[in-house]
Amino acid sequence: MSHALLPGLSVVVPVYRGAATLRALADRVEKALAGGSLPFELTFVDDCSPDGSRAVIQALAAEKPWIRGLHLMRNYGQHNATLAGIRAARYDRVVTLDDDLQHPPEAIPLLLAKLDEGFDVVYGSPVKEYHGVFRDFSSVATKTLLKHVLGVSVAREVASFRAFRTELRAAFADYHSPAVFIDVLLTWATTSFASVPVQHETGGGTSSYTFSKLLLHAVNMVTSFSTLPLRVASLLGVATVLFGTALLFFIVVQWMLGGNPVKGFTLMFSMIVIFSGTQLLSLGILGEYLARMYLRSMGRPPYVVKSMAGAPADSPN
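So that you can map any letter, position 254 of the sequence shown is 253 in numbering that gives the first Met the number 0, and since no number is skipped, the others follow by simple counting.
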């Protein structure tokens, strides 16, 4: 990242099981951008895809000088692969999109036009999402967390189809944790966000994000970049102490007035379960944070590039 940024556009595409769609995606990107006055590049980041995506990327890079490929040592995840492409970008603006053709490259000029209005980050939010009920629910839940926990004003419009100024990557240049969330890292650099509605397509590939993976993704995001769970645990502790104190006061008053304490094994058992559950929940939250501190202390990198295809990173096309 020591080289100066050039005027132009870097399109970054993380690839996993995208062999069937990469050539069509490259053709559509070329048609969408070839008429512009600024140079562009398309960087495919192969996240150790098992379906032959690497061979397709190498063939495309050999055919077209504006296509580059980064091949990672193993599968690190979509956000980690996207980060690798962002750090390798040579031009002053970056657009990221998925490899399954759900994000139409023809809409890239719309994002760039909005970016030129003075915003730092612009999302291409879907007019309609083509997922199942559980997937849609988990996606909405993740975006709601992003809004209320991290203070992102356009969190409900957040999508992996985004355009932003490459200079923003300086804010997370020293970030080396294996837990990577691009949208959170962008909030470290700016508060100037916007979105434009884009008609996403059904795509030609299959998403690897399931309900359980998105739920885990949300938990990792919150515990890696926010202290809200710790505050919730503290509030739960205070609430249970107050509740227990009020219950004790009630029992004492009942004994003073009637001479007999409140009867009921069920009530006592319920109180024990509530207090024990609160303690275990709090310990679990603390354990999540300790685990993340441990992983970061190991110095584990977010990705490792195994090889490259196409033009070197330091030379423009």
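Ideal Cβ placement from N, Cα and C applies to all residues, glycine included.
- DSSP, read as helix, strand or coil, puts G123 in strand.
- Cβ-Cβ separation between L96 and S159: approximately 7 Å, consistent with a contact (criterion under 8 Å).
- S306 and R86 have their C-alpha atoms some 15 Å from each other.
- Residue pairing for E40: DSSP places it in a beta bridge opposite S9.
- V121 places its beta carbon 9 Å or farther from that of A188.
- Between P13 and A60, the CB-CB gap reaches or exceeds 9 Å.
- Take R92, set aside five residues on each side of it, and the residues of its chain with a beta-carbon closer than 8 Å to its own are G7, L8, S9, L111, L114, A162, F163, R164 and T165, in chain order.
- Residue burial is scored here from C-beta neighbours: A33 has fewer than 16 other C-beta atoms within 10 angstroms and is therefore classed as exposed.
- Distances from the CA of A25 to each of G68, P49, S36 and L4 were compared; the closest alpha carbon is that of G68.
- For H70, the secondary structure class from DSSP, reduced to helix, strand or coil, is strand.
- C-alpha of S233 to C-alpha of M267: approximately 23 Å in a straight line.
- Each residue's CA atom was taken as its position, placing I273 and L256 some 27 Å apart.
- By DSSP's assignment, D45 forms a beta bridge with V14 and H70.
- Straight through space, the alpha carbons of H78 and V240 are spaced by roughly 41 Å.
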